[in-house]
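Protein sequences, first through last, are from chains V and S.
Note that this note's numbering has the first sequence beginning at 174, numbered continuously upward.
Note that this note's numbering has the second sequence beginning at 174, numbered continuously upward.
Note that CB positions come from ideal geometry on N, CA and C, so glycine has one too.
Predicted model, so just to flag it, every value in this text is computed and none were measured.
Working notes for the structure below.
2 protein chains.
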Amino acid sequence: MRIALAQLNYIIGDFDLNTAKIIETIEKCKLQQADIVVFAELSVCGYPPRDFLEFDDFIQKSYKAVETIAAHCKGIAAIVGAPSRNPDEKGKNLFNSAWLLAEGKVQALAHKALLPNYDIFDEYRYFEPNRSYNCITYKGVKIALTICEDIWNLVDDPLYVTNPMDVLSLQAPDIMINIAASPFNYDQQTSRLEILRVNTKQYKIPIVYVNQVGAQTELLFDGNSCALDSNGNTVAFCKAFEEDISLVNFNLEKRSLTTESRFKYESPSKTALIHDALVMGIRDYFAKMGFSKAILGLSGGIDSALTLALAAKALGNENVYAVLLPSEYSSGHSIEDAVALAENLGCKYDTISIKDGYNSILNSLQPYFKELPFNVAEENIQARVRAVLLMGLANKFGYILLNTSNKSEAAVGYGTLYGDMCGGISVLGDVYKTEVYELAHYINREREIIPLNSIVKPPSAELRPGQKDSDSLPEYDILDRILYNYIELRQSPADLVASGFDEAIVKRVLRMVNMNEWKRHQTPPILRVSPKAFGQGRRMPIVGRYLS
Amino acid sequence: MRIALAQLNYIIGDFDLNTAKIIETIEKCKLQQADIVVFAELSVCGYPPRDFLEFDDFIQKSYKAVETIAAHCKGIAAIVGAPSRNPDEKGKNLFNSAWLLAEGKVQALAHKALLPNYDIFDEYRYFEPNRSYNCITYKGVKIALTICEDIWNLVDDPLYVTNPMDVLSLQAPDIMINIAASPFNYDQQTSRLEILRVNTKQYKIPIVYVNQVGAQTELLFDGNSCALDSNGNTVAFCKAFEEDISLVNFNLEKRSLTTESRFKYESPSKTALIHDALVMGIRDYFAKMGFSKAILGLSGGIDSALTLALAAKALGNENVYAVLLPSEYSSGHSIEDAVALAENLGCKYDTISIKDGYNSILNSLQPYFKELPFNVAEENIQARVRAVLLMGLANKFGYILLNTSNKSEAAVGYGTLYGDMCGGISVLGDVYKTEVYELAHYINREREIIPLNSIVKPPSAELRPGQKDSDSLPEYDILDRILYNYIELRQSPADLVASGFDEAIVKRVLRMVNMNEWKRHQTPPILRVSPKAFGQGRRMPIVGRYLS
């Protein structure tokens, strides 16, 4: 049996587009003598459809799309992902299902049993878990067909009380097929290959794994669909971060899996992975929103420099517009560095002073501010005047504003709400400052694109004379390690102190993280590259007093 | 047995405060000869603790707090809510538990079986559902002890496949006690009383129901704890929207429930309920954030007028500062109406023209805007200059900015991001424009507080000459009905057209709703008063094409 792994980029709710893509791929695979084409989890509607699943009309549209696709499955079969209605009176009304389509119609369904409901996942919000397991047979091959999380429970401290493959394996399947929507983080591909290997070892049959690719706002799907033989060796791989199709041949007698493809997976560095994920994230956000042009404020600092470089890569240098918005506290160096970068990248740039806007706002407030000393109020006004100028240009000319804040700043609330925290999408909001430097060096790996000066100078918001980030924050190497241990690892203050951090600094940092939940609530969606990003995957009370 | 219903207002994560409150209440109830005091679901940590539950340190603190409370349960028992660790290796690590404390220690635990995971609820994210049910006995009384959702499955099309009370009732309990954290919406109290009645009718024993009270950011808990006898008659009620304790006497032989209290529940109007909920929401948001003073932009329109009136009620007129920010397009009437309102309420107000700020920004952009016609870019600049001025004052003097947008505007994206969509909390973001009018009349029920002119004049953003909302939007009575049917009822375009709405208007409105998800993503938390509010209870893809 010849199996095609079809790794496509879907648009949530665009049934016409997804259906057309799926049918086109089925036709392509037919020409390549495939017997069965496997698509990703919820491929028909796109993943994650979120609360669209609560609209009966959405479900009806999905059913119709499946029918349309099935009509094209003649002389070839397909496995697609789509919601299905739960016929039982009790329980939630939907299943998350894999549909086997052949001979022009629906042949069988397999429902997802393990519904992830942690981090960015909300599947138990919509779906009833499957409780009855049956292999499906196509062309004499008995397939253990599962969906994403279903194969992830083979770990210590398992999250679920059942393990679907344990039941399915009693029916002596010949092969496992798993359809997935498994979002990227810089550790995910390692974990994924490991869990696939553990499954082949446990059940001693090959596995075909098909993931979706492309960005769905903050969620980045890297694809990396693959097939492993029964010894856990990788036989075939789809490319990361792009649409791709791989073909494998399954020999039923030997239960062996082979391929003619020459593509070999090489494990990129964490920095390269983040780079590629962010580029895809920017590109897809714009494409799927129907926009082509980005604008951003270029300060001469490292964060906006890196954002510009990534955006130029994603959208083309001609589609990214950099605006320098110096204040009276901006150093001459900052402006030179910003200009050098824009010229290195070939991006259009302009310089607009914020002095007039700032002074005018201050004048209007003078009767109230009177002789009160300059403080964070005036600092914020500068950042907000910048935002008004950038958004004015964005609204007038149809740009989307890119947010340039990094994860360290977002964590401790070091940024101005409605100022530098503005934007349609946050590019670096899941990238710690220390990782920002690594990415900048990666951008410069062949030649100096980001001026070295932007990389080596002490970070500063330049909102008051001689200001440095380190006036208000611990040094970033310490800050980032504390943040990582608290946010990603959920360590307690006592854990942190025990591992050598200064108690006063730990308390101050954790307090800042918790006190700034209200600010993060109003920030743009953040491209997710870590296992624990700010946004829908981290849900904290805004009003609360834990640790504060 | 004398049972106390202890309806308190908790702070999430503030174990010291919650523990002290609970202990103080236990002592109070001891003086009133109570045998057992019942507190709300997760009362020890406050509800909803959200991802704090993922911190082991948080769970440890909760365990310690329970121990401290237990030590005070001598000569009296208490039922409190707190997470407990799941001793089983499989499944999630926590249960959502009710703890019976007596004789200085923990006597028994009952775990929640039905974990709500819809709308604003995420309980399956954290908790393993209970699968084994046992009544607990105290002083010879067999109690069916359940938690919130556990008693809500007695409906058509049940959401869960099990029904805990069906199992518990086989053990012949004498009384049901349900501890809850059931948030307000204008329909909730009716549904709640109905489900309590259905339970007493089904199981033929009395029920004691204890809810938490107070606001947790957007979630408003109305309390309304109560006790019903086995015929479904309400015997005792705690007050709505405030802390309260009620005492009931349970006679074991007769299985009867009586009280000495004279408080009688009267069902307020929907408008009165929303009014009281919003006032509590504002008050608690400020109190729990540690702020006392609010600022807002007062336009002379109905939305900011209503917000000011509600804020003055919640925080005291001396703590609310109204700023009039007229533009060249503001009518004279608007300023007069705004001034009249501030004076009626006795709130401090000032007038700051946005003309200078606006012109200065426009001048800075002139080299780029050139001769391009005035459009939404200039409109937005006005709204954003207002926000810069308001936030400047807020930052300088320690105010929280109140957002004044209503639900109709939020739905269709009729507002300026980083402009009038700014604020720490949105007061009216779950109140449709037509309901705004009803609330304004309610405020004026005894005397004209909100100038009649603000109520009767055609709504306008006043961002260009002669502008009216109806230039861009359908009339609000039509718009609001379409929005309600789409957002609250999840109707399809076909449903809407079938019920008589114009097809072109339906398509336009629904498209606006879906296309503005990106804007709503960056808005402040919205005080939730309806069964389907924007915010954490409605999770839609930002990038998607359904219906657009």
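Taking 8 Å as the CB threshold, V:ALA706 stays off the interface with chain S.
Sequence-distant Cβ neighbours of V:LEU518 in its own chain, meaning closer than 7 Å and more than five residues away, are LEU481, ALA482, ALA485, ASN490 and ILE622.
In the assembly as shown, S:ASP329 is an exposed residue. Its beta-carbon has fewer than 16 other beta-carbons within 10 Å. In the DSSP assignment, S:LEU562 falls within the unbroken alpha helix (DSSP H) covering 549–570. Only those residues of the region 230–243 of chain V whose C-beta falls short of 7 Å from the nearest C-beta of chain S are listed: ASP230 and PHE231. One alpha carbon belongs to S:VAL686, the other to S:ALA550, and they sit about 21 Å apart. When only Cα atoms are considered, S:PRO289 and S:GLU322 end up about 7 Å apart. With a 10 Å radius around the Cβ and a threshold of 16 neighbouring Cβ atoms, V:GLN344 comes out exposed. Boundaries of the beta strand (DSSP E) harbouring V:LYS278: 278–284, taken from the DSSP string.
A buried status is given to S:ARG693, since no fewer than 16 other beta-carbon atoms sit within 10 Å of its beta-carbon. Under the DSSP assignment, S:LEU535 falls in the alpha helix (DSSP H) whose first and last residues are 528–542. In the assembly as shown, V:ARG618 is an exposed residue. Its beta-carbon has fewer than 16 other beta-carbons within 10 Å. Of all residues in the region 629–644 of chain S, none is placed with a Cβ closer than 7 Å to any Cβ belonging to chain V. Around S:LYS543, no beta-carbon contact reaches into chain V at under 8 Å, the shortest distance being about 10 Å. Counting of Cβ neighbours within 10 angstroms places S:LYS247 among the exposed residues, the total staying below 16.
Distance from the CA atom of V:GLU635 to the CA atom of V:LYS641, rounded to whole angstroms, is 7 Å. Beyond the five residues adjoining it in sequence on each side, S:ARG304 comes within less than 6 Å, by CB distance, of no other residue in the same chain. With fewer than three CB-CB distances shorter than 8 Å, the region 640–660 of chain S does not count as touching the region 536–550 of chain S.
The beta carbon of S:CYS411 sits no closer than 8 Å to any beta carbon of chain V. Listed along chain V are ILE525, SER526, ILE527, ASP529, GLY530 and LEU562, each with a C-beta nearer than 8 Å to that of S:SER537. Following the DSSP letters along the chain, one finds V:ALA317 inside the beta strand (DSSP E) bounded by residues 314–320. Chain order gives no chain S residues near V:TRP325, where near means a beta carbon separation below 8 Å; the closest approach is about 14 Å.
Nearest in C-alpha terms to S:GLY405, of all of S:LEU393, S:TRP272, S:VAL253 and S:SER429, is S:SER429.
DSSP places S:LEU662 outside any alpha helix (DSSP H), giving it a letter other than H or E. Between V:ARG456 and V:LEU488, the C-beta spacing is below 8 Å.
In the structure shown, S:ASP395 falls within a strand segment according to DSSP collapsed to helix, strand and coil. Taken in chain order, the unbroken stretches of alpha helix (DSSP H) that lie wholly in the region 351–395 of chain S and span 4 residues or more are 361–376.
The Cβ of V:TYR297 sits closer than 8 Å to at least one Cβ of chain S.
Per DSSP, the beta bridge partners of S:THR407 are S:LEU401. About 5 Å separates the beta carbons of V:ARG175 and V:ALA207, which is inside the 8 Å limit, making them a contact pair.
Beta-bridge pairing by DSSP links V:VAL253 to V:TRP272. In this structure, the CA atom of V:TRP691 is about 29 Å from the CA atom of S:THR607.
A residue is called buried when at least 16 other Cβ atoms come within 10 angstroms of its Cβ; V:HIS614 does not meet this threshold and is exposed. Contact with chain V is absent for S:GLN180, since none of that chain's Cβ atoms lies less than 8 Å from the residue's Cβ. With fewer than 16 neighbouring CB atoms inside 10 Å of its own CB, S:LYS278 falls in the exposed class. Listed along chain V is no residue with a C-beta nearer than 9 Å to that of S:LYS437; the closest approach is about 33 Å.
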